[in-house]
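Under numbering that gives the first Met the number 0, think of the first position of the sequence shown as 0, with each following residue one higher. Using N, Cα and C, we set each Cβ at its ideal position, and we do this for glycine too. One structure is given below, encoded as structure tokens.
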Amino acid sequence: MQSISPPASRSLADDIRGRSDEELTALLAARPDLARPAPSDLTALAARSSTRASTARAIDALDTAHLQALEAAAVGAGATTTADLTRRLGADDPTLVDNLREELWRVALVWRAPEGLVVTRTTLEVLGESVAGLGPVAADLPGGAAPSDERIREIAADAPPRARAILDRLMWGPPLGIVPAEDSPGRPGPADDGPRWLVANGLVRAIAADQIVLPREVALVLRDGLVHRDPHLVPPSVTGPQRQPEAVDAAAGASASEVLALLDDLLDSWSQNPPRVLRTGGLAVRDLKAASAHLDTTPEHTAYLVELALIADLVADDGEVDPHWVPTAEYDAWQTEPGGERWARLALAWLSTTRAPHRVGSRSDASAVVNALGSDVQWPPIRSLRRAVLDLLGSVDGAIAPTAGDLAEAVRWHRPRRVPRTLDAVVEAVLREASWLGITGHGALSVAGRALLESDGEVDVVAESIHPHLPAPVDAVLLQADLTAIAPGPVTGSLAAFLRMVADVESRGGATVHRFSEDSIRRCLDTGWTGDDILAGLRDASSTPVPQPLEYLVRDVARRHGTVRVRGVGAVIRSEDEAGLDVMLAHKRLAPIQLRRIAPTVLTSPASPEVVLEMLREEGFSPVAESASGVVAVPSRPVRRAVRQRAIDPALVQAIDRAQLGSLVAGLRAAESQAQARAAGAAGGGRVGPAIPANDPTTSMAVLREAIADGRAVWLGYSDGLGQTQRMLFHPDRLDGGRVSGVSEGVTRTLSIHRITGVVPN
Numbered sequence: 000m001q002s003i004s005p006p007a008s009r010s011l012a013d014d015i016r017g018r019s020d021e022e023l024t025a026l027l028a029a030r031p032d033l034a035r036p037a038p039s040d041l042t043a044l045a046a047r048s049s050t051r052a053s054t055a056r057a058i059d060a061l062d063t064a065h066l067q068a069l070e071a072a073a074v075g076a077g078a079t080t081t082a083d084l085t086r087r088l089g090a091d092d093p094t095l096v097d098n099l100r101e102e103l104w105r106v107a108l109v110w111r112a113p114e115g116l117v118v119t120r121t122t123l124e125v126l127g128e129s130v131a132g133l134g135p136v137a138a139d140l141p142g143g144a145a146p147s148d149e150r151i152r153e154i155a156a157d158a159p160p161r162a163r164a165i166l167d168r169l170m171w172g173p174p175l176g177i178v179p180a181e182d183s184p185g186r187p188g189p190a191d192d193g194p195r196w197l198v199a200n201g202l203v204r205a206i207a208a209d210q211i212v213l214p215r216e217v218a219l220v221l222r223d224g225l226v227h228r229d230p231h232l233v234p235p236s237v238t239g240p241q242r243q244p245e246a247v248d249a250a251a252g253a254s255a256s257e258v259l260a261l262l263d264d265l266l267d268s269w270s271q272n273p274p275r276v277l278r279t280g281g282l283a284v285r286d287l288k289a290a291s292a293h294l295d296t297t298p299e300h301t302a303y304l305v306e307l308a309l310i311a312d313l314v315a316d317d318g319e320v321d322p323h324w325v326p327t328a329e330y331d332a333w334q335t336e337p338g339g340e341r342w343a344r345l346a347l348a349w350l351s352t353t354r355a356p357h358r359v360g361s362r363s364d365a366s367a368v369v370n371a372l373g374s375d376v377q378w379p380p381i382r383s384l385r386r387a388v389l390d391l392l393g394s395v396d397g398a399i400a401p402t403a404g405d406l407a408e409a410v411r412w413h414r415p416r417r418v419p420r421t422l423d424a425v426v427e428a429v430l431r432e433a434s435w436l437g438i439t440g441h442g443a444l445s446v447a448g449r450a451l452l453e454s455d456g457e458v459d460v461v462a463e464s465i466h467p468h469l470p471a472p473v474d475a476v477l478l479q480a481d482l483t484a485i486a487p488g489p490v491t492g493s494l495a496a497f498l499r500m501v502a503d504v505e506s507r508g509g510a511t512v513h514r515f516s517e518d519s520i521r522r523c524l525d526t527g528w529t530g531d532d533i534l535a536g537l538r539d540a541s542s543t544p545v546p547q548p549l550e551y552l553v554r555d556v557a558r559r560h561g562t563v564r565v566r567g568v569g570a571v572i573r574s575e576d577e578a579g580l581d582v583m584l585a586h587k588r589l590a591p592i593q594l595r596r597i598a599p600t601v602l603t604s605p606a607s608p609e610v611v612l613e614m615l616r617e618e619g620f621s622p623v624a625e626s627a628s629g630v631v632a633v634p635s636r637p638v639r640r641a642v643r644q645r646a647i648d649p650a651l652v653q654a655i656d657r658a659q660l661g662s663l664v665a666g667l668r669a670a671e672s673q674a675q676a677r678a679a680g681a682a683g684g685g686r687v688g689p690a691i692p693a694n695d696p697t698t699s700m701a702v703l704r705e706a707i708a709d710g711r712a713v714w715l716g717y718s719d720g721l722g723q724t725q726r727m728l729f730h731p732d733r734l735d736g737g738r739v740s741g742v743s744e745g746v747t748r749t750l751s752i753h754r755i756t757g758v759v760p761n
């Protein structure tokens, strides 16, 4: 690799051209937006790095230490040395400060000059005028330059109490103060004695009749040269109670097993009775509550589960005229996979999604309630925040369980410009969801959670990490005399499907308790099973004999099941139990279906058979549907599936590997050599001017701004009205409204930015 010692740079472009291949690779790795698309040469790379959008992105990626160092460098005039920064930051370790300076240079937010590092012009624009709570420099304010530092100290020492209180208030920012204005129109300015004294002595400047501002030089003297009141150059430590690693992994495995079982239960229910899609998209609140009651989970937990099913492509809108949320074919494939692979797909989908389940039930920007599965659940910042929280958990040694508050403070330090107002609530939600999913256990990161962060999207690696900690599936349950069945572990496959059909889940945990009841037995009989079939299934599913109370329950419900039969007329109700029909006729709640007796054992209704069946079942009867031939009709309830729909989340930005960066740097270096050769040929009497690379308008504007600020000319290509590209040496002096004004060949011209094909400094 070629190594170049940096010269005494005159600009950012010179600085970047003087970097070694390793340093250019480090720059592109830290700011990948500079490499997409690939710049034409090093000059174009420098121009792109100085665009406002790219610079803002680089500054937003800084942690608190680097941001404070950058602000400390930005408040000074000209170049900044390590000694300057050490003094402004109040640091005790010059080596630490020097490392911060070098990192800022590595990402091209500053460039090297013989006197020190210079903050780029675009960086100053992004930081704004009020850096670290400091006001404008005195030269830019009415009244001219500020007094000397010694004079400022003398005046401040003699300030009356009211004036001193105002200085103390403005010293650390904000530097602008609102004060009562003088009533007399002939004497505009502060009416209060304190502000008036400060203005008269030059410590503050009146910028309006009722506004004063503290100049930057005065504030720095009052701060004793410090830029920040509380410099934070070292990240806060993440601490918490120590957990036993075995207990953490066991708890994580139990949570992982539970989330698989809950999703199975939820999506099996939605296969038969899918909820409707709202007209505005999403899941209705009543359907979310129904799912919550079915799973016996909190609404927040249920919202997380349905969102997890969506981001893992297990459920989708079926796209019908009357749309419903229906499991996808991917769900069928997912069910057949081992538990480790099933969990790994869920965890990887959750880690990379931009959907924020914790927003369900809150208010959107339009003050509408955020529905589960709706578009308002999308919140792009959650992906990086989620990763930041988990990375902090993974950065500690051992199984440490820090509090959400400590993690929130650490996140604020690592990304001070990219934290939402609701950071504390977001961190709590991330920890809660990680616990539900089994990425953490007892508040600490599990082995599977660490593997997830290091997996780079590899399902097999994540699956292997969770597999030893998942409870082993059981192939038999324990039937109890109290009409319950206890599953001492996760139940899968046909046994799980049978238990969901014939019983209801009463409680979950290490052992799941299933409750048998008349309703659950009748539900199974309605699908075509007989009492003997159910008992045979229970014998196969149990490692103990079927208890007598359970057998009596099954046979009793089966004996009464189908004694009342309904066929279409509307509807005909036929039963050998004449007394039972008498009860129906007298039942007040059955009046809406208008039952009429046409024979001792036959009733009719104008309502449809489906309505009659439903109402009779609601009132405690056990009817079955009957075909016209008198045979019991088993209802056909096909399993519904939706077409798989991808792209729930926007595409992730793919990182550029070192080999790609090396190839890109080699290409930039070759292009720069060719440009220098062409420039040398032009200087020797060849073609006039250097080669002009094709630039996008944003890059061209950045080069033009630099040229205007430095008073330099540029070579540019300009497409005229005939579509021909002219080369010209242009002296820009103003850039505004998509146009640049300047002089070319002695003629003042105004050029449209969108017609400029490329710009290169002269």
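Between histidine 468 and tyrosine 303, the alpha-carbon positions lie close to 23 Å from each other.
Under the DSSP assignment, proline 622 falls in the beta strand (DSSP E) whose first and last residues are 622 to 624.
Residue pairing by DSSP places histidine 730 opposite Val742 in a beta bridge. Around alanine 55, the same chain offers Val125 as residues with beta carbons nearer than 6 Å, after the five sequence neighbours per side are excluded. By the 16-neighbour rule on beta-carbons within 10 angstroms, threonine 296 is buried.
Around the beta carbon of asparagine 694, 16 or more other beta carbons sit within 10 angstroms, so the residue counts as buried. Between valine 220 and alanine 137, the C-beta gap is not smaller than 9 Å, which leaves the two residues out of contact. Taken atom to atom, the span from the alpha-carbon of aspartate 263 to that of threonine 511 is near 14 Å. Contact check for valine 426 against alanine 403 passes: the beta carbons are separated by less than 9 Å. Taking all protein chains in view, the Cβ of alanine 43 is crowded by 16 or more other Cβ atoms within 10 Å, so the residue is classified as buried.
Beta-bridge partners assigned by DSSP to arginine 596: Leu602. Taken through DSSP and simplified to helix, strand or coil, threonine 121 comes out as helix. CA-to-CA, the gap between isoleucine 597 and threonine 603 works out to about 7 Å.
In the structure shown, leucine 225 falls within a coil segment according to DSSP collapsed to helix, strand and coil. Bounds of the beta strand (DSSP E) holding isoleucine 177 are 175 to 177. Judged by DSSP secondary structure, serine 718 falls within the beta strand (DSSP E) whose first and last residues are 713 to 718. In this structure, the beta-carbon distance from valine 258 to glycine 442 does not fall below 9 Å. Closest by C-alpha distance to proline 470, out of Ala495, Gly508 and Thr327, is Gly508. Comparing C-alpha distances from tryptophan 333 to each of Ala387, Val369, Ala145 and Ala308 shows the shortest one belongs to Ala308. If you draw a straight line from the Cα of leucine 287 to the Cα of leucine 350, it comes to about 23 Å.
Around the beta carbon of arginine 344, a 10 Å sphere encloses 16 or more other beta carbons of the protein chains shown; the residue is thus reported as buried. For the 9 Å CB-CB criterion, arginine 704 and glycine 716 do not form a contact. Between valine 410 and valine 388, the alpha-carbon positions lie close to 7 Å from each other.
Apart from the 5 residues on each side of it in sequence, glutamate 408 sits with its Cβ closer than 7 Å to the Cβ of Pro235 in its chain, given in chain order. Judged by DSSP in its simplified three-state form, valine 74 adopts coil rather than helix or strand.
Taking the C-beta atoms as reference points, arginine 100 is found no nearer than 9 Å to valine 106.
Excluding its 5 nearest sequence neighbours in each direction, arginine 595 has C-beta neighbours in its own chain below 8 Å: Leu602, Thr603 and Ser604, listed in chain order. The straight-line gap separating the alpha-carbon atoms of glutamate 671 and glutamine 723 is approximately 26 Å.
Taking C-beta atoms as the reference points, threonine 600 and glutamate 577 count as a pair closer than 9 Å.
For tryptophan 333, the enclosing alpha helix (DSSP H) covers residues 328 to 335. Alanine 68 and valine 130 have their C-alpha atoms some 11 Å from each other. Pairing alanine 606 with alanine 570 gives a Cβ-Cβ distance under 9 Å. Sequence-distant partners of histidine 357 (beyond 5 residues in either direction) whose C-beta falls short of 6 Å from its own C-beta, in its chain, are Ala428. For threonine 80, no beta strand (DSSP E) run applies, since DSSP gives it neither H nor E. Along the segment 422 to 488, the alpha helix (DSSP H) occurs as fully enclosed runs of 4 or more residues at 422 to 436, 446 to 453 and 458 to 465, listed in sequence order.
Spanning the alpha carbons of threonine 697 and histidine 413 requires a straight line of approximately 29 Å.
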